[in-house]
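K.L.:
My questions all concern the structure below.
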Amino acid sequence: MGAHRPFRYVLLGLFAPLLSDDLLPDREVATFLKGRKQLRLKAELRNIVGDLMPDRLAQALAPEGVIGERRDKDLETLAAELKRWHVTPTGTEGYAKAEVTVGGIDTAELSSKTMEAKKVPGLYAIGEAVDVTGWLGGYNFQWAWSSGWVAGRAV
Ligand SMILES: Cc1cc2nc3c(=O)[nH]c(=O)nc-3n(C[C@H](O)[C@H](O)[C@H](O)COP(=O)(O)OP(=O)(O)OC[C@H]3O[C@@H](n4cnc5c(N)ncnc54)[C@H](O)[C@@H]3O)c2cc1C
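In terms of the numbering used here, the sequence shown opens at residue 67 and continues consecutively.
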């Protein structure tokens, strides 16, 4: 028995929503921007984009300047970038902020009914000691409680 993968600490879930193929799936962004250009020639482009997403995100993603100075082609390019925005995480915030451990004791080495080690009778492993990792949102708690419950009934 042993940890068959090195322990790593990850920030599961935090980045996942940002890796979408389409950040604005319900919007025709190019049509929206070109329509706003007709209506609000002197408006800041970033403020217009801020109608589609949180302001701070719009400030970071949209270029400076008023919308009336942008060619329709530029607005179409911006719209495509806004919809297909990908984030490549460059790191984590480290152990201090980590919420779940990836890795642990191989599930194949444990009884799924009692969590007892197959090779070491009387030894039980549960929760994060086992190589089971869920998304944040309660799955890890549930795993810890459920595996602890079956082990508790067995001892
Ligand atoms: C900040 C944070 C936020 C989280 N948020 C979520 C969430 O929203 N949803 C979710 O599903 N999961 C979340 N998790 C993960 C979740 O808390 C864990 O997966 C779960 O608590 C693991 O349970 P466990 O019993 O395996 O381990 P633990 O809860 O870590 O329990 C281990 C216990 O053993 C004790 N211990 C350690 N060494 C010894 C020793 N030598 N002798 C005696 N006792 C010892 C520790 O003090 C501790 O009480 C979060 C974790 C963190 C750190």
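By construction, the Cβ of each residue, glycine as well, lies at the ideal position given by its N, Cα and C atoms.
Relative to the C-alpha of residue 172, which residue among 196, 135, 186, 192 is closest?
P.N.:
196
K.L.:
Say whether the segment 179-191 touches the segment 151-165, bearing in mind that this needs 3 or more beta-carbon pairs closer than 8 Å, one atom from each stretch.
P.N.:
In short, these stretches do not touch, since the Cβ pair count stays below three.
K.L.:
Does the segment 194-212 come close enough to the segment 163-182 to have 3 or more Cβ pairs within less than 8 Å?
P.N.:
yes
K.L.:
Please confirm if the segment 130-150 is in contact with the segment 93-112, defined as three or more CB-CB distances below 8 Å between the two stretches.
P.N.:
yes
K.L.:
Should residue 175 be listed as close to ligand 1, given that the test is whether its C-beta is under 7 Å from any heavy atom?
P.N.:
no
K.L.:
Can you look up residue 133 in the DSSP assignment and give me helix, strand or coil?
P.N.:
helix
K.L.:
Could you pull out every residue in the same chain whose Cβ sits closer than 6 Å to the Cβ of residue 116, ignoring the five residues on either side in sequence?
P.N.:
A distance below 6 Å between beta-carbons, with the five flanking residues on each side excluded, links residue 116 to the following residues of its chain, in chain order: 124.
K.L.:
Rounded to whole angstroms, how far is the Cβ of residue 216 from the Cβ of residue 180, which I believe are closer than 8 Å?
P.N.:
6 Å
K.L.:
Can you find a heavy atom of ligand 1 that lies under 7 Å from the Cβ of residue 113?
P.N.:
Incorrect: residue 113 has no Cβ contact closer than 7 Å to ligand 1.
K.L.:
Ligand 1 heavy atoms versus the CB of residue 190: any closer than 7 Å?
P.N.:
no
K.L.:
Enumerate, from N- to C-terminal direction, the unbroken beta strand (DSSP E) stretches of 3 or more residues contained entirely within the segment 131-203.
P.N.:
166-168
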